[in-house]
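Just so you know, the protein sequences line up as chains A and B, in that order. With the working numbering applied, the first sequence corresponds to residues 1 to 115, in that order. With the working numbering applied, the second sequence corresponds to residues 1001 to 1112, in that order. We put the CB at the ideal spot given by N, CA and C, even for glycine. Predicted, not measured: the structure shown is a model, and the values here were computed from it. What follows is a single structure, written as structure tokens, with notes after it.
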Amino acid sequence: DAGVIQSPRHEVTEMGQEVTLRCKPISGHDYLFWYRQTMMRGLELLIYFNNNVPIDDSGMPEDRFSAKMPNASFSTLKIQPSEPRDSAVYFCATQSGQFMNTEAFFGQGTRLTVV
Amino acid sequence: QKEVEQDPGPLSVPEGAIVSLNCTYSNSAFQYFMWYRQYSRKGPELLMYTYSSGNKEDGRFTAQVDKSSKYISLFIRDSQPSDSATYLCAMKSGTNAGKSTFGDGTTLTVKP
């Protein structure tokens, strides 16, 4: 398996533009997490899905952020409109099951810069 | 206040030194404790996990949990330049084992 695949790896956009980040989970993994990482705030959980259903979106900072998982093979995180403070590295992670010893596998991340 | 607190460092040590990385937590429901390692411009990867209080050893790495103090540690013996990375602690509760709560990470540099 190629692991968790995120695209694009880098994104530079102007303030006010719509940004869409994409994630392809590891086949068979039923949990999918979106994280945001910055120097100031560390690794923050934004939202997570179980079997394509959003379970907890309490970490989504504002209504400008939305996430979908239309099927088991694909998820998107959308920011509309984008702002400079959204600049961060966004990670997608997936895992199989909710057992204590279940490991979360992270993608390489998308480095977003909003100018 | 965050549920998991971790000193961000940065921490710089000479090669061969013993490194101690620590996290404290406030949620007594946390039962499962993990350490992830994150190299520059990469995603975090699981390094070690432990369920109970006590020590768990894996090569040069030892994870230690003290539930009574809500304190966990990761020790690295004979540190190598290849250990230079950010180390994040993470924890799960028994009631919501699908979700991990992460510390902010400690950045370690091992100088040759």
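CB contact flag (residue i, residue j, <8 Å)
i: I1076 (chain B); j: F1061 (chain B); result: yes
i: S82 (chain A); j: Q37 (chain A); result: no
i: Q1006 (chain B); j: D1083 (chain B); result: no
i: F1102 (chain B); j: A1090 (chain B); result: yes
i: F134 (chain A); j: Y48 (chain A); result: Look at the range of chain A in this structure, 1 to 115, and you will see that residue 134 (chain A) is not part of it.
Own chain partners of residue i with C-beta closer than 6 Å, once the 5 adjacent residues on each side are dropped
i: K1067 (chain B); result: S1053
i: S7 (chain A); result: R22
i: P1010 (chain B); result: T1107
i: Q1065 (chain B); result: The residue asked about is misnamed: residue 1065 (chain B) is Val in this sequence, not Gln. So the list reads F1033, T1050, S1053 and I1072, once near-sequence residues are dropped.
i: L1088 (chain B); result: Y1036, P1044, F1102, G1103 and G1105
i: D1058 (chain B); result: M1048
i: L43 (chain A); result: Y35 and Q37
i: I1018 (chain B); result: R1077
Closest residue to residue i among the options (Cα-Cα distance)
i: Q1038 (chain B); options: A:F65, A:Q95, A:Q98 and A:F91; result: A:F91
i: K24 (chain A); options: A:Q98, A:A72 and A:A67; result: A:A72
i: S1020 (chain B); options: B:N1027, B:M1091, B:Q1031 and B:L1074; result: B:L1074
i: D63 (chain A); options: A:Q95, A:L32, A:R41 and A:L46; result: A:L46
i: Y1051 (chain B); options: A:G109, A:Q108, A:F99 and A:F49; result: A:F99
i: V4 (chain A); options: B:Y1049, B:G1043 and B:Q1064; result: B:G1043
i: T1095 (chain B); options: B:Q1001, B:S1028 and B:E1045; result: B:S1028
i: G1098 (chain B); options: B:F1030, B:K1056 and B:V1065; result: B:F1030
i: Y1025 (chain B); options: B:E1003, B:F1033, B:Y1032 and B:S1012; result: B:E1003
i: M15 (chain A); options: A:D57, A:G97, A:P84 and A:R41; result: A:P84
i: C1023 (chain B); options: B:K1056, B:S1012, B:L1047 and B:P1008; result: B:P1008
Cβ shell of residue i (< 8 Å), same chain only, five flanking positions each side left out
i: V19 (chain A); result: E11, T13, K78, I79, Q80, S82, D86, L112 and V114
i: S1100 (chain B); result: M1034, A1090, M1091 and K1092
C-alpha distance - residue i paired with residue j, whole-angstrom precision
i: L106 (chain A); j: A93 (chain A); result: According to the sequence provided, residue 106 (chain A) is Phe. The question's Leu does not apply to it. Cα to Cα, the separation comes out at about 4 Å.
i: R9 (chain A); j: S1040 (chain B); result: 14 Å
i: V53 (chain A); j: Q95 (chain A); result: 14 Å
i: Y1049 (chain B); j: Q108 (chain A); result: 22 Å
i: E103 (chain A); j: V89 (chain A); result: 21 Å
i: A1063 (chain B); j: Y1036 (chain B); result: 12 Å
i: K1056 (chain B); j: M39 (chain A); result: 30 Å
Cβ-based neighbour list, residue i, same chain, cut-off 7 Å, excluding 5 preceding and 5 following
i: K68 (chain A); result: S75 and T76
i: E1015 (chain B); result: S1079, Q1080, P1081, V1110, K1111 and P1112
i: N50 (chain A); result: D30 and Y31
i: S1093 (chain B); result: N1027, A1029, F1030 and Q1031
Residue-level contact to chain E via CB, residue i, 8 Å cutoff
i: Y1049 (chain B); result: No chain E appears in the structure shown, which is made up of the protein chains A and B.
Where the beta strand (DSSP E) through residue i begins and ends
i: F65 (chain A); result: F65 to N71
i: E1057 (chain B); result: G1054 to D1058
i: R85 (chain A); result: Segment: none, R85 (chain A) is in no beta strand (DSSP E) and carries neither H nor E.
i: M1034 (chain B); result: F1030 to Q1038
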